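Below is one structure; the comments refer to it alone.
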Amino acid sequence: MAVQGNPAPQHPSPAGAVEGLQPFLHDACTTVYAPSLVLSRAGGDLAGGADGFFHGDRRALSRLEVRFETDPDRGARGHGDGEAGDGGQEPRSVPVPLAPVGHTLRAADETAYRAVLRGVGELTADPAVTLHRVRRLTPGRLRETLRITNSGALHVSLTMVVAAGTDLARMDDVKAGRHLRPRPAAPVHAGRPEPHDPGGRGDSGTPGGSGAPDGADTAADAADAAATGLRWGDQDGLRVLLRPAGGGPDRDDRADRAAAPVERDASAGSDAPVEPDASAGPGAPALPVVPAGTPAIRPGTGELRYRVELAPGTAWEAVIECTVHDPRPDPFPAPVPGSVQWQRPRLASADRRLDRLVARSVGDLERLLLTDPDHPGDTFLAAGAPWFLTLFGRDSLWAARMLLPLGTELAAGTLRTLARRQGTRIDPHTEEQPGKILHEVRRESLRLADARALPSVYYGTVDATPLWIVLLHDAWRWGMPAEQVAALLPHAEAGLEWLARHGDADGDGLLEYVDSTGAGLANQGWKDSGDSIRWRDGRLAAPPIALSEVQAYAYEAAVAGAALLRAFDRPGADRWEEWAATVRRRFREGFWVSDALGRYPAVALDADKRPVDSATSAFGHLLGTGLLDHEESALLAARLAGPDLDSGFGLRTLSRRNAGFNPLGYHVGSVWPHDTAIAVHGLVRAGFPEQAVPLARGVVAASAGFEARLPELYAGHGDGYDEAPAPYPAACRPQAWSAAASVLLLQAALGLAADVPGGRLRVDPAAAGAFGPLTVSGLRVAGAPLSVRLDADGRAEVSAPPGLVVEGADRLDP
Numbered sequence: 000m001a002v003q004g005n006p007a008p009q010h011p012s013p014a015g016a017v018e019g020l021q022p023f024l025h026d027a028c029t030t031v032y033a034p035s036l037v038l039s040r041a042g043g044d045l046a047g048g049a050d051g052f053f054h055g056d057r058r059a060l061s062r063l064e065v066r067f068e069t070d071p072d073r074g075a076r077g078h079g080d081g082e083a084g085d086g087g088q089e090p091r092s093v094p095v096p097l098a099p100v101g102h103t104l105r106a107a108d109e110t111a112y113r114a115v116l117r118g119v120g121e122l123t124a125d126p127a128v129t130l131h132r133v134r135r136l137t138p139g140r141l142r143e144t145l146r147i148t149n150s151g152a153l154h155v156s157l158t159m160v161v162a163a164g165t166d167l168a169r170m171d172d173v174k175a176g177r178h179l180r181p182r183p184a185a186p187v188h189a190g191r192p193e194p195h196d197p198g199g200r201g202d203s204g205t206p207g208g209s210g211a212p213d214g215a216d217t218a219a220d221a222a223d224a225a226a227t228g229l230r231w232g233d234q235d236g237l238r239v240l241l242r243p244a245g246g247g248p249d250r251d252d253r254a255d256r257a258a259a260p261v262e263r264d265a266s267a268g269s270d271a272p273v274e275p276d277a278s279a280g281p282g283a284p285a286l287p288v289v290p291a292g293t294p295a296i297r298p299g300t301g302e303l304r305y306r307v308e309l310a311p312g313t314a315w316e317a318v319i320e321c322t323v324h325d326p327r328p329d330p331f332p333a334p335v336p337g338s339v340q341w342q343r344p345r346l347a348s349a350d351r352r353l354d355r356l357v358a359r360s361v362g363d364l365e366r367l368l369l370t371d372p373d374h375p376g377d378t379f380l381a382a383g384a385p386w387f388l389t390l391f392g393r394d395s396l397w398a399a400r401m402l403l404p405l406g407t408e409l410a411a412g413t414l415r416t417l418a419r420r421q422g423t424r425i426d427p428h429t430e431e432q433p434g435k436i437l438h439e440v441r442r443e444s445l446r447l448a449d450a451r452a453l454p455s456v457y458y459g460t461v462d463a464t465p466l467w468i469v470l471l472h473d474a475w476r477w478g479m480p481a482e483q484v485a486a487l488l489p490h491a492e493a494g495l496e497w498l499a500r501h502g503d504a505d506g507d508g509l510l511e512y513v514d515s516t517g518a519g520l521a522n523q524g525w526k527d528s529g530d531s532i533r534w535r536d537g538r539l540a541a542p543p544i545a546l547s548e549v550q551a552y553a554y555e556a557a558v559a560g561a562a563l564l565r566a567f568d569r570p571g572a573d574r575w576e577e578w579a580a581t582v583r584r585r586f587r588e589g590f591w592v593s594d595a596l597g598r599y600p601a602v603a604l605d606a607d608k609r610p611v612d613s614a615t616s617a618f619g620h621l622l623g624t625g626l627l628d629h630e631e632s633a634l635l636a637a638r639l640a641g642p643d644l645d646s647g648f649g650l651r652t653l654s655r656r657n658a659g660f661n662p663l664g665y666h667v668g669s670v671w672p673h674d675t676a677i678a679v680h681g682l683v684r685a686g687f688p689e690q691a692v693p694l695a696r697g698v699v700a701a702s703a704g705f706e707a708r709l710p711e712l713y714a715g716h717g718d719g720y721d722e723a724p725a726p727y728p729a730a731c732r733p734q735a736w737s738a739a740a741s742v743l744l745l746q747a748a749l750g751l752a753a754d755v756p757g758g759r760l761r762v763d764p765a766a767a768g769a770f771g772p773l774t775v776s777g778l779r780v781a782g783a784p785l786s787v788r789l790d791a792d793g794r795a796e797v798s799a800p801p802g803l804v805v806e807g808a809d810r811l812d813p
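In terms of numbering that gives the first Met the number 0, the sequence shown has 561 at position 562, counting the first letter as 1, and numbering is strictly consecutive.
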């Protein structure tokens, strides 16, 4: 036999998968091209839990597994075995153990997997036959190339089985751990119209097309034998098709779909065309590659079955493709290919981990881009995969702000997309209010785990509105065209009015929130889990809640709004500067508390205006906003550098000195990379680069444990316990603001601050010591290229547009 050893074990299932609980993601491999994504095992299979091929918050495939068997019809050649069978009796097929040995994130939308077919064609302990599986994703389309290579000295005969299935689950069902019944598959026939098939039944009217009434089994079997693929559907017209495709990423697959559905051999020496096998890597001998024959389709089991004849020194390749057809348009489509509005920065630093982090992050961000369907030139970043692959006000705004050194186009698209959906009326159900910027948009209402549901357009956020105003101001400073800024000023004015009238509903000079519906989010800042705002002794704070960082956002928004109004000769600047002064005074009066380490601002005020005295990473969001004076900023810089908050891999969201600290708590002890990057940038802005450096270094060190793809968050145990941070099991990855944090860290390290209206660019690389010397190009300011070179002595040289005065660095000739 060509196969040694024991039968193959079952495919590994996702870690900790328990019905009724949110599935873990830390052991998943993610391929993304928004609004589509794939979650799989490390070997490439979709095998349970949250695994699946998703498009537009629906799971198109919940199962896609590749396995191998020996062929009972022909026997397997190898190890000198004779023909299969004994006395004419056909042997049972033998499963082949398949051992994944690694995967490579080639790009956000492309992942490659390698596995060994154990005991196949082997004469020694060395593996001889391997599978190279390459997954490529475009919106609504999953394409997989399966290449088997025989590097041994024996001819092998195998059957490759691709087993697929789906439950067509909604994303909120998947997130809640709800297990739905699989939908039956129906056959696809070349040249035959596909009926609307709400039950996923075959042409005969029975599940999967595998049977029919009145003794029509023979006709149904014949129909299955003529099938060219599989399909599933629902009552809303959603259709999922799985079929063989032509080889190569761009080859037309029409010939495959029209081919006769008869299982056949694809063996070396046939008349089939061959092409070089490059899967072994550069410099390896090119092997002939035989394209697969047409597989047998088995709708009843959801299988495509390929015969494989593989001579020594040859490879065999099959390509399959799954497409999603939804009669409803995507709420937010992907941009037109090739229309990314930034240039990838090119970074060479003394810390190659930072280089890899920036490169991976920007690549991931390109595949998180979505567009406003009515204005496809306006792009924004989806919040993250898999749970938040849509428009989120806060997340999209922060990510765009962090990416301003790559250009202002993303900021402009984000601002306009949200401005078109800015609140215009009071709606208690959605929490819409005039001037308010929304929280999130989905195609359907979002069912939460506790039976609550958020409306499809939901405004339950207290911070998106001030962040929108700040982004408009910062984009203007980085060179957003004046006419584009001017067109958005009415929306900025509406947002400012919201701050004073609705954000500060009780008129005390501070912004508060409360879930007025009883069915929305209890906490409406970025730490929006139900237990995130708590006292030092662990008790939960009672709403309405006035968050400390939201007062900083409000102050910065009012000052920024005043600057915009004054620059564009619009009234109201004095009013908003006075309002900002009131916020600053009220913050100083109401938030400061003390513990054994000294004075600090409480995380919030509760319903009785008492300071909720836990110490949190919110300190970092206050720095550099203007809310604090220098002495107050120095106190917070020292606190952020302390071991209770600094984990060595970034800032803990809650001090480990506080009751309720949990290193795996979503907002009560974990580390969020974007949160730390904001603190790093704030420390630099406030004049404390020395305290910023260890925090930046910690996030970069953490990235090495996540393949340079920073997750939404990770555990806060710290570098005193772990050499790399433990993952937070349910974290999204990639996540927009985690990826964008890499660019903000680079901006902070270089001390970049633009004032294009004032004709200045400031460079102050005091925080770059951990990463210099370095060279970075591909940045932009005022719509023109910007590059920076930092030598080993910390001296900076800058190439910038001629209309800007460069401060703090020597200017390079263009």
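Idealized CB from N, CA, C, for every residue including glycine. Since we're looking at a predicted model, the values are computed, not measured.
> Between residue 478 and residue 117, what straight-line distance do the alpha-carbon atoms span, to the nearest angstrom?
Replying inline: Counting from 1 along the sequence shown, the entry for residue 478 is found at position 479. Counting from 1 along the sequence shown, the entry for residue 117 is found at position 118. Their Cα atoms are separated by approximately 59 Å.
>> Check for me: the beta strand (DSSP E) holding residue 377 runs from which residue to which?
In response: As a position in the sequence shown, residue 377 is number 378, starting the count at 1. From DSSP, the beta strand (DSSP E) with residue 377 extends over 374 to 380.
>> Which residues does DSSP list as the beta-bridge partners of residue 158?
In response: Counting from 1 along the sequence shown, the entry for residue 158 is found at position 159. According to DSSP, residue 158 bridges with 68 and 306.
>> I need the DSSP call for residue 815, collapsed to helix, strand or coil.
In response: What is shown of the chain runs 0 to 813, which leaves residue 815 out entirely.
> Among 161, 160, 141 and 132, which residue has its Cα nearest to the Cα of residue 147?
Replying inline: Counted from its first residue, the sequence shown places residue 147 at position 148. Of the candidates 161, 160, 141 and 132, the one whose C-alpha sits nearest the C-alpha of residue 147 is 132.
> What is the rounded straight-line gap between the Cα of residue 673 and the Cα of residue 334?
Replying inline: Here the question's residue 673 lines up with position 674 in the sequence shown. Here the question's residue 334 lines up with position 335 in the sequence shown. For residue 673 and residue 334, the distance between alpha carbons rounds to 25 Å.
> Roughly how many angstroms lie between the CA atoms of residue 514 and residue 501, to the nearest whole one?
Replying inline: The residue given as residue 514 occupies position 515 in the sequence shown. The residue given as residue 501 occupies position 502 in the sequence shown. Those two C-alpha atoms are separated by around 13 Å.
> In three-state terms, what does DSSP make of residue 164?
Replying inline: Position 165 of the sequence shown holds residue 164. DSSP, reduced to helix, strand and coil, places residue 164 within a strand of the structure shown.
>> Do residue 171 and residue 179 have their beta-carbon atoms positioned less than 8 Å apart in this structure?
In response: Locating residue 179 in the sequence shown gives position 180, where the first residue counts as 1. Locating residue 171 in the sequence shown gives position 172, where the first residue counts as 1. For residue 179 and residue 171, no; Cβs fall outside 8 Å.
> Under the three-state reduction of DSSP, which class applies to residue 673: helix, strand or coil?
Replying inline: For the purposes of this step, residue 673 is taken as residue 674 along the sequence shown, with counting starting at 1. Looking at residue 673 - three-state DSSP - the assignment turns out to be helix.
> If we call anything under 8 Å between Cβ atoms a contact, is residue 733 one with residue 31?
Replying inline: As a first step, residue 733 is located in the sequence shown; it is residue number 734 there, counting from the start. As a first step, residue 31 is located in the sequence shown; it is residue number 32 there, counting from the start. Result yes, Cβ atoms of residue 733 and residue 31 sit closer than 8 Å.
>> Less than 8 Å between the beta carbons of residue 356 and residue 669, yes or no?
In response: Stepping through the sequence shown from its first residue, residue 356 is reached at position 357. Stepping through the sequence shown from its first residue, residue 669 is reached at position 670. Result no, Cβ atoms of residue 356 and residue 669 do not sit closer than 8 Å.
>> Let me confirm a value: residue 100 is counted as buried when at least 16 other C-beta atoms fall within 10 Å, else exposed. Which label applies?
In response: Here residue 100 refers to the residue found at position 101 when the sequence shown is read from its first residue. The residue in question, residue 100, is exposed, as its Cβ has fewer than 16 Cβ neighbours within 10 Å.
>> Please give me, in chain order, every unbroken run of the alpha helix (DSSP H) with length at least 4 that falls completely inside the stretch 363 to 431.
In response: 392 to 401 and 408 to 418
> Once you ignore the five residues that flank residue 527 on each side, which residues in its own chain have a CB closer than 7 Å to its CB?
Replying inline: The residue you call residue 527 lines up with position 528 of the sequence shown. Only 520 meet the Cβ criterion.
> Measuring CB to CB, does residue 104 end up less than 8 Å from residue 759?
Replying inline: Looking up residue 104 in the sequence shown gives position 105. Looking up residue 759 in the sequence shown gives position 760. Their beta carbons are not under 8 Å apart, which means residue 104 does not touch residue 759 by this criterion.
> How big is the Cα-Cα spacing for residue 40 and residue 28?
Replying inline: Along the sequence shown, one-based indexing puts residue 40 at 41. Along the sequence shown, one-based indexing puts residue 28 at 29. For residue 40 and residue 28, the distance between alpha carbons rounds to 6 Å.
> Taking three-plus beta-carbon pairs below 8 Å as touching, is the stretch 631 to 639 in contact with the stretch 562 to 573?
Replying inline: no
>> Tell me the residue span of the alpha helix (DSSP H) that contains residue 658.
In response: Taking the sequence shown and counting its residues from 1, the one referred to as residue 658 is at position 659. First-last for residue 658: undefined, no H or E at that position.
> Considering only residues of the same chain and omitting the five flanking positions on each side of residue 768, which have a CB-CB separation below 8 Å?
Replying inline: Within the sequence shown, numbered from 1, the residue matching residue 768 stands at position 769. Hits under 8 Å: 692 and 793.
> Taking C-alpha atoms, which residue in 748, 761 and 754 lies nearest to residue 775?
Replying inline: By 1-based counting over the sequence shown, the position of residue 775 is 776. Considering only alpha carbons, the answer is 748.
> Per DSSP, residue 645 is paired with what?
Replying inline: Position 646 of the sequence shown, counted from the first residue, corresponds to residue 645. Answer by DSSP bridge pairing, in chain order: 650.
>> Do residue 114 and residue 819 count as a contact pair if the criterion is CB distance below 8 Å?
In response: There is simply no residue 819 to check, as the chain begins at 0 and stops at 813 in what is shown.
>> Quick check on the DSSP output: the alpha helix (DSSP H) that includes residue 556 runs from which residue to which?
In response: Position 557 of the sequence shown holds residue 556. Here the alpha helix (DSSP H) through residue 556 covers 547 to 566.
> Measuring CB to CB, does residue 601 end up less than 8 Å from residue 380?
Replying inline: Taking the sequence shown and counting its residues from 1, the one referred to as residue 601 is at position 602. Taking the sequence shown and counting its residues from 1, the one referred to as residue 380 is at position 381. When the beta-carbon positions are compared, residue 601 and residue 380 stay at least 8 Å from each other.
> Buried or exposed: where does residue 400 fall if 16 or more other Cβ atoms within 10 Å of its Cβ makes it buried?
Replying inline: Walking along the sequence shown from the start, residue 400 turns up at place 401. Label assigned to residue 400: buried.
> Taking residue 145 as the reference, which of 136, 765, 290 and 125 has the closest Cα?
Replying inline: Your numbering for residue 145 matches position 146 in the sequence shown. Residue 145 has its Cα closest to that of 290, out of 136, 765, 290 and 125.
> Among all the DSSP beta bridges, which residues are the ones paired with residue 45?
Replying inline: Locating residue 45 in the sequence shown gives position 46, where the first residue counts as 1. Partner(s): 63.
> Which stretch, first to last residue, makes up the alpha helix (DSSP H) that contains residue 586?
Replying inline: Stepping through the sequence shown from its first residue, residue 586 is reached at position 587. Residues 572 to 589.
> Going by DSSP, what residues sit across from residue 319 in a beta bridge?
Replying inline: For the purposes of this step, residue 319 is taken as residue 320 along the sequence shown, with counting starting at 1. In the DSSP output, where bridge partners are listed per residue, residue 319 has 143 and 243.
> Who are residue 314's beta bridge partners in DSSP?
Replying inline: Position 315 of the sequence shown, counting from 1, holds the residue named residue 314. For residue 314, the beta-bridge partners assigned by DSSP are 148 and 288.
>> Just to confirm my understanding: we take residue 656, look at its own chain, exclude 5 residues before and 5 after, and list those with CB closer than 6 Å. What are they?
In response: On the sequence shown, residue 656 is found 657 positions in, with the first residue counted as 1. Taken in chain order, the residues that qualify are 643.
>> Between residue 494 and residue 460, how many whole angstroms is the CB-CB distance? I'm expecting something under 8 Å.
In response: Looking up residue 494 in the sequence shown gives position 495. Looking up residue 460 in the sequence shown gives position 461. Not quite, the Cβ-Cβ distance comes to about 13 Å (not below 8 Å), so this is no contact.
>> Looking at residue 306: is its Cβ nearer than 8 Å to the Cβ of residue 292?
In response: Here residue 306 corresponds to residue number 307 of the sequence shown, with the count starting at 1. Here residue 292 corresponds to residue number 293 of the sequence shown, with the count starting at 1. Yes, the Cβ-Cβ distance between residue 306 and residue 292 is below 8 Å.
> Which whole-angstrom value is the C-beta distance of residue 366 and residue 721, which I expect to be below 8 Å?
Replying inline: Here residue 366 refers to the residue found at position 367 of the sequence shown. Here residue 721 refers to the residue found at position 722 of the sequence shown. Not a contact, Cβ separation roughly 30 Å.
> The alpha helix (DSSP H) with residue 468 in it runs from where to where?
Replying inline: Indexing the sequence shown from 1 puts residue 468 at position 469. For residue 468, the uninterrupted alpha helix (DSSP H) segment begins and ends at 463 to 477.
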